[in-house]
Structure formats: C-alpha cells, structure tokens
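Residue numbers (my numbering), protein chains in the order written: chain P, 616 to 878; chain G, 16 to 385.
Right, one structure below, let's go through it.
Next up, the structure:
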C-alpha cells in the first residue's frame with residue numbers, strides 16, 4: 616500500500632540551521648499518525664513544507680501520488696490537505712459561522728451545488744446547504760452556541776475548536792494538526808481527541824504534532840519521531856514509547872550513562 | 016432554520032426581526048428626507064451643501080467597499096476622483112458637449128478611473144498595511160504632478176466645464192439627484208457585497224490574508240476587484256463634481272483633503288460597516304461646508320476636521336455604529352437577563368449535545384471524554 620502523504624528526503628535550512636535534513640515521512644490513508652520530537656526538531660517546518668508555506672532545498676513531497684513539492688498553499692489545500700496552526704489562526708472579526716462558510720466555499724472534495732455557488736458573485740455567502748453543514752460541524756465540535764458570535768470573542772480552547780471545525784468544513788482528505796492540545800485544559804483535550812478519532816472513523820486521515828505524550832500515545836496508530844530534522848524512529852506508539860533512541864532524543868542521555876548509573 | 020449571521024451577539028429570533036424592521040424603516044425615512052430636501056430648502060447655498068454631501072456619501076461608501084472591507088487603507092482615492100473629473104473635462108471639451116448630454120460622460124469617467132485602478136492595484140496591492148498606505152500617498156502625488164505638467168490637463172490653469180444654461184434657482188437640483196442616485200446605488204452595492212461570498216473573502220483578507228489565501232481564495236483578484244469597483248464609483252462622482260464646480264485644477268481634482276475626508280467619514284461612522292461611511296459623511300460634510308461658508312478665511316473647518324479625527328481615534332476607534340450597536344446589545348442582554356438564545360439549533364444527525372452560550376465546550380467535552 617502506498618502512503619497517502621509522502622515526504623521524501625526533504626532538506627530545508629535556515630541560514631546554517633538544518634531544520635530538516637533528509638527527512639522521510641509517510642502517512643498511510645485512514646490513519647492518525649503522530650509526529651513528535653523535541654523543540655526545534657523540525658516538526659512545524661515539515662508542516663510548512665507540506666502545506667506550501669516554505670520551499671524545500673531538496674527532496675520531494677507527494678500527495679496521493681501527485682508531486683506537490685513547493686506547490687503554493689492554495690494548491691496543497693485544493694488537493695485536500697487541511698491544516699491548523701500552533702498559534703491558532705482564525706478570522707477574529709468574522710463571526711464563527713462566517714469563518715466556517717469561508718472555508719466551506721472551497722471544499723476540496725467539491726460536493727453538491729458548487730456550480731450554482733460560483734456563478735453569481737453577489738449572491739449571499741453560504742447557501743442553505745453550506746450553512747446546515749457548517750452548523751452540523753459546529754455541533755460536532757461543540758461550539759454551535761457561538762455561531763453568531765465574533766470569532767475574536769472566543770476563548771483560546773474554543774478558537775482551537777473553531778480552527779479545527781473550519782478546516783473540516785473544507786472536507787479535506789488529510790488534516791495536519793499542529794499542537795491541537797497545546798495550552799488547552801484537560802477536559803477540552805479529551806474532547807478534541809474524541810472529535811479527531813470520530814472524524815478519522817469517517818475516513819479523514821490525520822497527521823498530528825503534539826507534545827502531550829498521553830494525547831499522542833492514546834490517539835495515534837503510528838508515531839514518527841523527529842530529531843535534528845531527521846526521522847529517528849517510526850512505528851506503533853507502544854514500541855516508540857520504549858525506544859531508546861526516542862528517550863535519547865527527548866532526554867538527551869546516552870544509554871551507557873544510564874546503565875552505568877544504575878549499576 | 017435558526018442559523019443567522021446577524022450582527023447581534025444574541026442572534027435569537029426575537030432579537031433580529033424588529034432590528035431589521037427598524038433598519039429598513041430608518042433607511043426609508045432617510046431616503047424620503049433626502050428626496051424632498053432640495054424642494055424644502057431651495058436656497059442655493061443650502062442645496063450646494065446638499066450636493067457636496069451626497070457626493071461624499073457616495074465616495075465614502077465606495078472607499079469603504081475597498082478599504083473598509085479589505086483593511087487596505089488607501090489615501091489615494093482622489094486619484095480616481097481626479098481622473099474622473101479630468102476625463103469628463105477632456106471629453107466634454109473635445110467633443111463639444113453641451114446641456115444634459117454632458118452627464119453621458121459619467122460612465123466613461125467611471126470606466127477610465129477603474130482602468131487606472133488596475134495598474135494602480137497591481138503595483139500597490141503587493142504590499143500591506145502601513146507600507147500600502149505610504150505607497151498610495153506617493154502615487155497620489157505622482158498623479159497630481161502629472162496633472163500640473165501635462166498639456167492635455169491644462170497644466171496649472173486646469174480645465175473648465177461647458178456652460179450649462181439652467182435656471183439659477185434650480186441649478187443644483189440635477190446635480191443633487193444624480194449624486195443621490197449614485198450614493199443610493201453605491202450603498203446598495205456595498206450592502207450586497209458585504210453579505211456576499213466576495214465580501215466575506217474581502218473581510219477575511221482584512222483579518223489574515225495569508226490564511227485566506229491558503230483556503231483557496233484568489234486574494235489578489237479579490238482585492239483588485241474591490242479596488243476597481245470603488246474607483247469606478249469615485250470616478251463618476253469626480254465627473255459629476257467637475258460639472259457642478261465647472262472647473263478642475265490639479266490641486267482641486269487631486270485633493271489630499273478629499274482622501275482624508277472620506278477616510279475620516281468611514282472611521283467616524285464605522286470602518287467596514289455598510290451604514291458607517293454614510294453616517295460619517297452625513298455628519299462631517301454638512302458641518303464642514305457650513306463652517307467654510309460661515310468663516311471663509313479662518314480654516315476653522317480644517318481645524319474642526321482634525322479635532323474630530325483625533326476624537327474618533329481616542330474615544331471610539333471602531334466608529335459610531337459598532338460602538339453604539341455594542342451598547343444596545345449589552346443593554347438588551349442585561350434587560351433580558353441573558354436568556355440563552357439559539358437553544359433550538361440542534362440539527363439532524365449528530366449525537367452531540369447542543370451547546371449553549373456559556374461554558375459549552377467544556378461541558379460537552381466532559382460528556383465526550385472516554
């Protein structure tokens with residue numbers, strides 16, 4: 616089985632810093648794949664390279680067999696790659712519903728009345744079907760009560776949910792989540808992971824960057840570990856959890872020292 | 016369906032409909048008042064103020080379609096105003112137009128101004144925020160310089176309009192009604208755009224252009240379209256103003272005070288709202304004209320304009336309409352003791368508890384945790 620999203624030997628430097636160094640990552644269709652690694656290991660850079668926010672120095676990115684190396688952000692999006700940001704990017708002066716409609720207009724899987732939507736530029740934003748669909752998604756993520764509120768009035772956790780909702784409104788094939796649980800209270804973290812799992816059950820693939828180990832290990836089918844811009848390990852969470860290379864990358868202690876101190 | 020995107024934070028069924036009725040009624044009353052204005056006040060000094068005010072209502076509204084919605088603050092819309100005025104001047108002189116037929120050049124003036132807006136936009140819209148603003152000022156002065164120096168613009172002495180052989184008593188009326196018609200059409204267009212997909216994209220660009228682009232919105236095309244639309248309207252108004260004043264000079268056609276005025280009108284009323292620029296123009300322009308007529312040599316109107324600008328920035332940076340609307344909303348909320356609205360939004364399908372205003376996300380999170 617070929618991977619849905621494949622990053623092949625990608626390198627990217629900022630000045631003298633090798634943010635990505637021959638990095639190869641695969642995400643299989645229908646999975647929730649975790650991407651972990653210490654700060655500065657290149658996780659967000661990898662996201663930026665995939666979604667068209669940064670250009671690669673070398674290497675290639677493939678989405679479902681199509682080469683999308685250095686494609687602009689809108690092309691990555693139109694191929695079905697949705698993405699959330701570590702520092703949540705919502706539209707604060709649009710209402711929650713308007714945030715949803717903006718993304719829904721550009722559904723990647725192009726459903727229903729796409730033609731009628733585009734014909735008249737002055738037609739009201741969001742047809743009935745779009746609004747109903749958006750409302751369902753907001754109910755799904757639990758912020759439907761805020762549909763008419765300005766997005767800027769939402770709390771931090773609610774903004775995370777809104778960003779997730781509007782990315783889902785575009786009906787992406789794969790969603791890249793950059794720290795969905797970062798800075799969010801524990802009950803909301805559970806809520807978010809529940810929503811991700813449910814969407815995954817309905818067929819959406821996820822690639823998740825997260826520091827919260829409990830979150831990653833509980834949610835993901837496979838985990839890839841980055842360190843210094845290269846993949847250190849990849850495999851199912853229970854194996855990754857005990858992989859000495861991973862412990863080394865995170866805790867920075869060499870095996871011998873560890874063993875020696877115990878003896 | 017209880018899905019609404021009205022401006023009220025409490026989008027309940029009870030809240031919106033009377034508000035919409037009030038709004039519609041208010042617009043009708045204003046329209047009726049505007050329509051009978053020159054019949055009630057026949058003094059040419061007063062109707063002159065009326066014409067100027069209507070020109071500024073249209074111009075501020077058109078400026079807002081671009082700058083208010085997209086967040087790209089332009090201080091160069093006088094370029095389009097001047098281009099419209101000079102287009103009308105050159106056309107009516109070259110083709111020796113006379114009488115009512117001169118007004119046939121208005122659409123042409125609009126088209127020329129819109130045509131100028133295309134290269135203007137392609138250059139300036141590459142930069143954002145303050146840089147954009149500074150670049151527009153620079154381009155504005157280039158146009159003024161060109162008007163001073165080209166021969167087809169008449170240089171420093173400018174161009175004159177054909178003499179319109181109308182009765183002095185009602186001379187202002189055709190100008191007034193034309194300006195009113197353009198202003199009303201622009202207002203309607205502004206309303207249509209704001210609620211449309213195009214308007215949503217513009218306002219999304221204002222909030223986060225990079226993110227908007229990444230959601231598949233062709234940002235350059237959207238921004239440029241808005242600029243061209245506002246330039247078209249302002250070009251027509253420039254032509255109308257030219258026939259009204261009967262003369263265009265480089266410093267009056269390309270007038271920096273025009274840019275500042277329309278921007279201030281929009282800021283005062285509420286940048287990016289539909290009614291704000293109209294309200295701002297209705298307040299500022301008559302006041303300014305009145306002061307100019309009463310104290311012709313004192314620059315009092317300019318000082319007053321500056322003072323209003325400072326007051327708006329200091330006291331209500333978002334403008335009258337958003338500030339007042341917020342007051343009303345919070346007052347209503349207090350009065351109705353925050354009855355949760357939209358409790359009936361639970362849609363079909365999903366087995367997720369309907370969220371209510373309040374700590375909804377947390378509550379449903381607890382229910383969904385494994």
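Glycine included, every Cβ here is placed at the ideal spot set by N, Cα and C.
For clarity, every value in this text was computed on a predicted model and none was experimentally measured.
- Classified as exposed, residue 771 of chain P has fewer than 16 neighbouring CB atoms from the shown chains inside 10 Å of its CB.
- In the three-state reduction of the DSSP assignment, residue 748 of chain P falls in the helix class, which pools H, G and I.
- The DSSP-derived three-state label of residue 637 of chain P is strand.
- Judged by their CB atoms, residue 48 of chain G and residue 274 of chain G are not nearer to each other than the 8 angstroms cut-off.
- Runs of the beta strand (DSSP E) lying entirely within the stretch 786 to 812 of chain P, each at least 3 residues long, are 789 to 793 in chain order.
- For residue 621 of chain P, the enclosing beta strand (DSSP E) stretches over residues 620 to 629.
- Going by DSSP, residue 649 of chain P is part of the beta strand (DSSP E) stretching over 647 to 651.
- The beta carbon of residue 847 of chain P is closer than 6 angstroms to those of 840, 860 and 864 in its chain, skipping five residues each way along the sequence.
- Between the alpha carbons of residue 299 of chain G and residue 292 of chain G lies a gap of roughly 10 angstroms.
- Going by C-alpha positions, residue 153 of chain G is about 31 angstroms away from residue 707 of chain P.
- Against residue 148 of chain G, chain P offers no close residue; the least beta-carbon distance is about 19 angstroms (beta-carbon pairs closer than 7 angstroms).
- Comparing C-alpha distances from residue 619 of chain P to each of P:763, P:830, P:665 and P:762 shows the shortest one belongs to P:665.
- Each residue's CA atom was taken as its position, placing residue 796 of chain P and residue 289 of chain G some 39 angstroms apart.
- For residue 769 of chain P, the closest alpha carbon among the candidates P:712, P:650 and P:679 is that of P:712.
- Pairwise C-beta distances place the stretch 693 to 709 of chain P out of contact with the stretch 236 to 243 of chain G, as fewer than three of them are shorter than 8 angstroms.
- Using a CB distance cut-off of 8 angstroms, residue 236 of chain G does not count as an interface residue toward chain P.
- At a Cβ-Cβ threshold of 8 angstroms, residue 128 of chain G and residue 296 of chain G do not count as neighbours.
- If you draw a 10 Å sphere on the C-beta of residue 682 of chain P, you find fewer than 16 other C-beta atoms in it, and that means exposed.
- A straight line joining the alpha-carbon of residue 52 of chain G with that of residue 182 of chain G spans about 18 angstroms.
- For the stretch 812 to 852 of chain P, the continuous alpha helix (DSSP H) assignments of 4+ residues that do not extend past its boundaries occur at 828 to 834, in sequence order.
- For residue 212 of chain G, a Cβ of chain P is located within less than 8 angstroms of the residue's own Cβ.
- Leaving aside the five residues that flank residue 256 of chain G on each side, the residues in its chain whose CB is nearer than 7 angstroms to its CB run, in chain order, 70 and 100.
- Runs of the alpha helix (DSSP H) lying entirely within the stretch 248 to 323 of chain G and spanning at least 4 residues, in chain order: 265 to 268, 271 to 284 and 291 to 309.
- Separation of residue 287 of chain G and residue 84 of chain G (C-alpha to C-alpha, rounded to the nearest whole angstrom) is 5 angstroms.
- Residues of chain P with a Cβ closer than 8 angstroms to the Cβ of residue 103 of chain G do not exist, since the nearest Cβ in that chain sits about 28 angstroms away.
- C-alpha of residue 680 of chain P to C-alpha of residue 207 of chain G: approximately 42 angstroms in a straight line.
- Around residue 669 of chain P, no beta-carbon contact reaches into chain G at under 9 angstroms, the shortest distance being about 13 angstroms.
- The beta carbon of residue 148 of chain G sits closer than 7 angstroms to those of 88 and 90, all from its chain and outside the five residues before and after it, given in chain order.
- Buried is the label assigned to residue 627 of chain P, since at least 16 other Cβ atoms lie within 10 Å of its Cβ.
- Under the 8 angstroms Cβ criterion, the stretch 52 to 61 of chain G counts as touching the stretch 185 to 200 of chain G, having at least three qualifying pairs.
- Residue 102 of chain G has its alpha-carbon roughly 10 angstroms from the corresponding atom of residue 108 of chain G.
- Counting C-beta pairs with one atom in each stretch, the stretch 746 to 753 of chain P and the stretch 687 to 698 of chain P have fewer than three that are closer than 8 angstroms, which means they do not touch.
- Taking the C-beta atoms as reference points, residue 766 of chain P is found no nearer than 8 angstroms to residue 212 of chain G.
- Between residue 745 of chain P and residue 716 of chain P, the C-beta gap is smaller than 8 angstroms, which places the two residues in contact.
- When beta bridges are read from the DSSP output, residue 175 of chain G appears opposite G:262.
- The beta carbon of residue 693 of chain P falls within 8 angstroms of a beta carbon belonging to chain G, placing the residue at that interface.
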